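Trainee:
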Amino acid sequence: MPTSESILTLIRSGFAGFSPALQGAARFLLDHPNEVVVMSMRALAERAGLPPATLVRLAQQLGFAGWPQLKAAFVRELGLAPEQYGQRARGLLARRADAGLSAEMFGAQRRNLEFTAAQSGAALRRAARLIERAGAVYVAGFRASFPIAYSLVYVYRLFRDSVHLVDGLAGSLEMHLQSFTRRDTVIAISFAPYSREAVAVVEAARHAGCRIVALTDSSASPLSLAADATIPFSVASPSFFPSIAAGVAAAEALLEVLVAQAGAAGVARIERAEAYLRDSGAYVATPARRAPRGGAESPASASRPARRNVRINAD
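Residue numbers (the working numbering): -10 to 304.
1. Output yes or no for whether 8 Å exceeds the beta carbon distance between Thr43 and Ala14.
2. Grab me the residues of Ala37's own chain with a C-beta within less than 6 Å of its C-beta, minus the 5 sequence neighbours each way, in chain order.
3. So within the region 199 to 225, which uninterrupted beta strand (DSSP E) runs reach at least 3 residues, ignoring any that extend past its ends?
4. Considering only their Cβ atoms, is the gap separating Leu11 from Arg46 smaller than 8 Å?
5. Tell me the DSSP bridge mates of Thr174?
6. According to DSSP, simplified to helix, strand and coil, what is Val273?
7. Identify every residue that forms a DSSP beta bridge with His153.
8. Could you tell me which residues DSSP puts in a beta bridge with Ser179?
9. By DSSP, does Ser(-5) sit in helix, in strand, or in coil?
10. Going by other Cβ atoms of all chains shown within 10 Å of its Cβ, with 16 needed for buried, is Arg200 buried or exposed?
11. Locate the alpha helix (DSSP H) running through Leu162, then write down its first and last residues.
12. Let's see if you can read the secondary structure: which residues bound the alpha helix (DSSP H) around Gly38?
13. If we call anything under 8 Å between Cβ atoms a contact, is Leu(-3) one with Leu19?
14. Is the separation between the beta-carbon of Ile220 and that of Val248 shorter than 8 Å?
15. For Glu186, is the classification buried or exposed, using 16 other Cβ atoms within 10 angstroms of its Cβ as the cut-off for buried?
16. What's the C-alpha gap between Gly55 and Pro40?
17. Return the CA-CA distance between Gly198 and Arg171, expressed in angstroms with no decimal places.
18. For Phe63, does the three-state DSSP call read helix, strand or coil?
19. Using beta-carbon positions only, say whether Leu179 and Thr205 come within less than 8 Å of one another.
20. Considering only C-alpha positions, which residue in the set Ala5, Gly130, Ala240 is nearest to Ala106?
21. When you compare only the Cα positions, how much space is there between Ala97 and Val237?
22. Who are the Cβ neighbours of Ser226 in its own chain at under 6 Å, not counting the five residues just before and after it?
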């Protein structure tokens, strides 16, 4: 069994000593680590144009008993083997009467935000430059990552029209993917265990020549390995399910940088969008404050000048 050395480093260090056939297999694994963890050995061999036995021989050359052990090493390195949600939930049962549970959760969120803030400064600016220059921007997040993707698209569309949510609704994922061009930027959002759809979006974006921005939990994630810029966020949580709070904060920080880059033109677009939403009735109007019964005015209302031609509707 190999040491704890990175599996990608292990393959690179042994590459020169491999046979030509094994070098071909090793090159494919280095270039497509995300496919290693989501495809069967036979499907992967077919995709690489190799006999399945070549993958087995490569695994053994690297010191593994066989292909399953090599694949498991990729899974561990890419963060795809966390403790199961059910196991973590059982651990909470013994502590359900613990009054400190909520304090523990909020403490974890504070640490997540601090970590994300410390790690993402330069990455936010690099990602914003790629996004701002794009012909169109596609944002993809599935399952638990969907709220991050949706909020990013919703706010970004207030000052840019060419922003699209890749949601796969009603089987439309492939229709989105075929729209990608080399002028576009794709923002992919996912954390371990990584969504199959998110990996497919990244693969399609790379094939189309798009710039890729990853919002993810690890620089070794399949999204990050294919990305031109990675915005990391922490998902640590004492509960049974990873936290997306820092991911939402990272998306909001990215929007802040994008607004600053958009300048006065961006601000004008936001003002027009806000006026449209208000005038269209999208927001509930705040009811006028009534004077107390008996006609007495509050001190605050007494100090305001009287208004004329104001109609007050009775209930």
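Glycine included, C-beta positions come from ideal geometry on N, C-alpha and C. On a predicted model such as this, the values are computed, not experimentally measured, just so you know.
Mentor: Taking the geometry as given:
1. Position 54 of the sequence shown, counted from the first residue, corresponds to residue 43. Position 25 of the sequence shown, counted from the first residue, corresponds to residue 14. Yes.
2. The residue labelled residue 37 in the question sits at position 48 within the sequence shown. Hits under 6 Å: Phe17.
3. Runs of the beta strand (DSSP E) lying entirely within the region 199 to 225 and spanning at least 3 residues, in chain order: 200 to 205, 218 to 221.
4. One-based indexing of the sequence shown puts residue 46 at position 57. One-based indexing of the sequence shown puts residue 11 at position 22. Against a cut-off of 8 Å, the Cβ pair of Leu11 and Arg46 comes out as a contact.
5. The sequence position of residue 174 within the sequence shown is 185, counting from 1. DSSP output for Thr174 lists Val126, Arg200 as bridge partner(s).
6. The residue you call residue 273 lines up with position 284 of the sequence shown. In the structure shown, Val273 adopts coil according to DSSP, grouped into three states.
7. In the sequence shown, residue 153 corresponds to position 164, counting from 1. Bridge partners of His153: Tyr127.
8. On the sequence shown, residue 179 is found 190 positions in, with the first residue counted as 1. The partner list for Ser179 (beta bridge, DSSP) reads Thr205.
9. Taking the first residue of the sequence shown as 1, we reach residue -5 at position 6. The DSSP-derived three-state label of Ser(-5) is coil.
10. Numbered from 1 along the sequence shown, position 211 holds the residue referred to as residue 200. Flag for Arg200 reads buried.
11. In the sequence shown, residue 162 corresponds to position 173, counting from 1. For Leu162, the enclosing alpha helix (DSSP H) has its first and last residue at 162 to 166.
12. Walking along the sequence shown from the start, residue 38 turns up at place 49. Gly38 -> no alpha helix (DSSP H), and no H or E assigned at all.
13. As a working note, residue -3 is residue 8 in the sequence shown. As a working note, residue 19 is residue 30 in the sequence shown. Cβ atoms of Leu(-3) and Leu19: closer than 8 Å.
14. Within the sequence shown, numbered from 1, the residue matching residue 220 stands at position 231. Within the sequence shown, numbered from 1, the residue matching residue 248 stands at position 259. Not in contact: Ile220 and Val248 (Cβ atoms no closer than 8 Å).
15. The residue labelled residue 186 in the question sits at position 197 within the sequence shown. Around the C-beta of Glu186, 16 or more other C-beta atoms lie within 10 Å, and the residue is accordingly described as buried.
16. By 1-based counting over the sequence shown, the position of residue 55 is 66. By 1-based counting over the sequence shown, the position of residue 40 is 51. Between the C-alpha atoms of Gly55 and Pro40 there is a straight-line separation of about 15 Å.
17. Translated into the one-based positions of the sequence shown, residue 198 becomes position 209. Translated into the one-based positions of the sequence shown, residue 171 becomes position 182. Per the coordinates, the alpha-carbon of Gly198 lies some 4 Å from the alpha-carbon of Arg171.
18. Position 74 of the sequence shown holds residue 63. Reduced to three states, the DSSP call for Phe63 is helix.
19. Numbered from 1 along the sequence shown, position 190 holds the residue referred to as residue 179. Numbered from 1 along the sequence shown, position 216 holds the residue referred to as residue 205. Here residue 179 turns out to be Ser, not Leu, going by the sequence shown. Contact flag set, yes.
20. Along the sequence shown, read from residue 1 onward, the residue named residue 106 stands at position 117. Here the closest residue by C-alpha is Ala240.
21. Here residue 97 corresponds to residue number 108 of the sequence shown, with the count starting at 1. Here residue 237 corresponds to residue number 248 of the sequence shown, with the count starting at 1. Approximately 15 Å, taken between the alpha carbons.
22. Indexing the sequence shown from 1 puts residue 226 at position 237. Ala97, Ser232, listed in sequence order.
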